[in-house]
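Heads up: the sequence shown at position 20 corresponds to 19 in numbering that gives the first Met the number 0, and the numbers run straight through without jumps.
Written below as structure tokens is the structure these notes are about.
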Amino acid sequence: MAGLVVVTGATGFVGAAILRHLAHQGWRIRILTRRMPQDALMPDHPIEVVLGDMGDRASLEQLVRGADAIVHCAGLTKALTPIEFFDVNEGGTVRLLEAAQKAAPQARLVHISSLAAREPGLSPYAASKRAGEDKLPALAGARDWVALRPPAVYGPGDVALLPLFKAAKLGLLAYPASPGSRASTLHVADLASAVATLLSTEVWSERVIELDDEHPNGHDWAEINHALGECFGNRLWAVRLPRPWMTGIAGAVTVVSRLSGTPQILSLDKISELYHPDWASSGVRLSTLLPWRPTFALREGFADTLKWYRAEALL
0 MAGLVVVTGA TGFVGAAILR HLAHQGWRIR ILTRRMPQDA LMPDHPIEVV
50 LGDMGDRASL EQLVRGADAI VHCAGLTKAL TPIEFFDVNE GGTVRLLEAA
100 QKAAPQARLV HISSLAAREP GLSPYAASKR AGEDKLPALA GARDWVALRP
150 PAVYGPGDVA LLPLFKAAKL GLLAYPASPG SRASTLHVAD LASAVATLLS
200 TEVWSERVIE LDDEHPNGHD WAEINHALGE CFGNRLWAVR LPRPWMTGIA
250 GAVTVVSRLS GTPQILSLDK ISELYHPDWA SSGVRLSTLL PWRPTFALRE
300 GFADTLKWYR AEALL
């Protein structure tokens, strides 16, 4: 066995993929959840479950006690107010680190951040992710830690991209009209393998690492259009959405979200992120530091995601 690893956010899209990968590698696993998670339990690999949430300090101490490693995936990607983003993405990180100081001072920490943390001025989400990162140097103590900044993560289990695939099935692709914009992507299985590779490495020489599928300078919308079209065997009609149009759509979604009390990914706060021209990962490549390489290029990754959507009767 590789030791005891704690995973927060284990019932989410990214956390569940990391959980499965670490289980396959033989790690003992402990997770935090509000209720018993049937989907996360694996009959061939026992998982310890601590009931609680990121606001419960006692549960967090119980969660990390005796851990060899902590993978912090828990976070909000959508919320009704900025305060909610900061309470979870910054405050949850602080509470976890404080619990780890008491109950697991030597446990190594992999903090799953976001490429959005590079541009904290764009949105409350981006600012909250950067705020969580900024707490690491002071609160991590003597432990070894690293913050991973993945770009747009997709793959089996991701329902956020389902509307994009539904539109592609109809032969359409609507995208932000931001001239020259490029964005990196990463299949969730490659993110999970990156985390596992880090945990199997004795020394981490970098503190903040931006990940991607290692396609040079990310992808433009023409490349994304082509990759999606190939998956469906047709050519997509691309529709460029000017910022005022998208702002109007986001405004309507925001009103409905607030009235219903149900947050959505698309909101007025998200517009600056959507039209930011540079979401291409940069800096040190993980593949130059560790024996890790992404296995999914965009076309193959989209095909794998489409296969899952169809298997789940979502598309």
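Built from N, CA and C at the ideal position, the CB exists for glycine as well.
Model, not experiment: these values are computed from the prediction.
Does DSSP classify residue i as helix, strand or coil?
i    : result
D277 : strand
V283 : coil
I28  : strand
T200 : coil
L118 : At residue 118 the sequence reads Glu, which differs from the Leu that was named. Here E118 sits in coil by DSSP.
E47  : strand
W291 : coil
L240 : strand
I270 : helix
I264 : coil
E205 : coil
A296 : coil
L79  : coil
K165 : helix
G228 : helix
M53  : coil
K101 : helix
Using a Cβ-Cβ cut-off of 9 Å, state whether residue i counts as contacting chain B.
i    : result
L267 : No chain B appears in the structure shown, which is made up of a single protein chain.
Which one or two residues does DSSP pair with residue i in a beta bridge?
i    : result
H214 : Note: H214 sits in no beta bridge, so no partner.
R107 : A68
V6   : I30 and V70
Y153 : H186
V145 : V109
I223 : Paired residues: none, contrary to the question.
P178 : P178 is not bridged to any residue.
L171 : W236
So, for residue i: in the same chain, excluding its five sequence neighbours on each side, which residues have a beta-carbon less than 7 Å away from its beta-carbon?
i    : result
L96  : K134, L138 and A139
H105 : In the sequence on display, residue 105 carries Gln and not His. Cβ within range, chain order: R142.
A125 : A115, A116, E118, P119 and E272
S113 : K128, R148 and P149
Our contact map puts residue i next to residue j with C-beta atoms below 8 Å; I'd like the distance itself, whole angstroms only.
i    : j    : result
L297 : T196 : At roughly 21 Å, the Cβ-Cβ gap does not stay under 8 Å, so L297 and T196 are not in contact.
D268 : S122 : 5 Å
I264 : A159 : 6 Å
V187 : A16  : 4 Å
R64  : A1   : Going by Cβ atoms, the distance from R64 to A1 rounds to 18 Å, so no, they are not a contact pair.
P276 : G179 : 6 Å
N4   : L198 : Going by the sequence as given, residue 4 is Val instead of Asn. At roughly 7 Å, the Cβ-Cβ gap stays under 8 Å, so V4 and L198 are in contact.
P293 : D219 : That belief does not hold up - the Cβ atoms of P293 and D219 are roughly 19 Å apart, past 8 Å.
Identify, in the order they occur along the chain, each residue of the same chain with its Cβ nearer than 6 Å to the Cβ of residue i, setting aside the five sequence neighbours on each side.
i    : result
Y274 : P175, S177 and R242
C230 : F301, A302 and L305
A130 : E89
L172 : N224, L235 and A237
For residue i, which residues of its own chain have a beta-carbon under 8 Å away from its beta-carbon, when the five flanking residues on both sides are left out?
i    : result
K101 : E60
S58  : L31, V49, L50, G51 and D52
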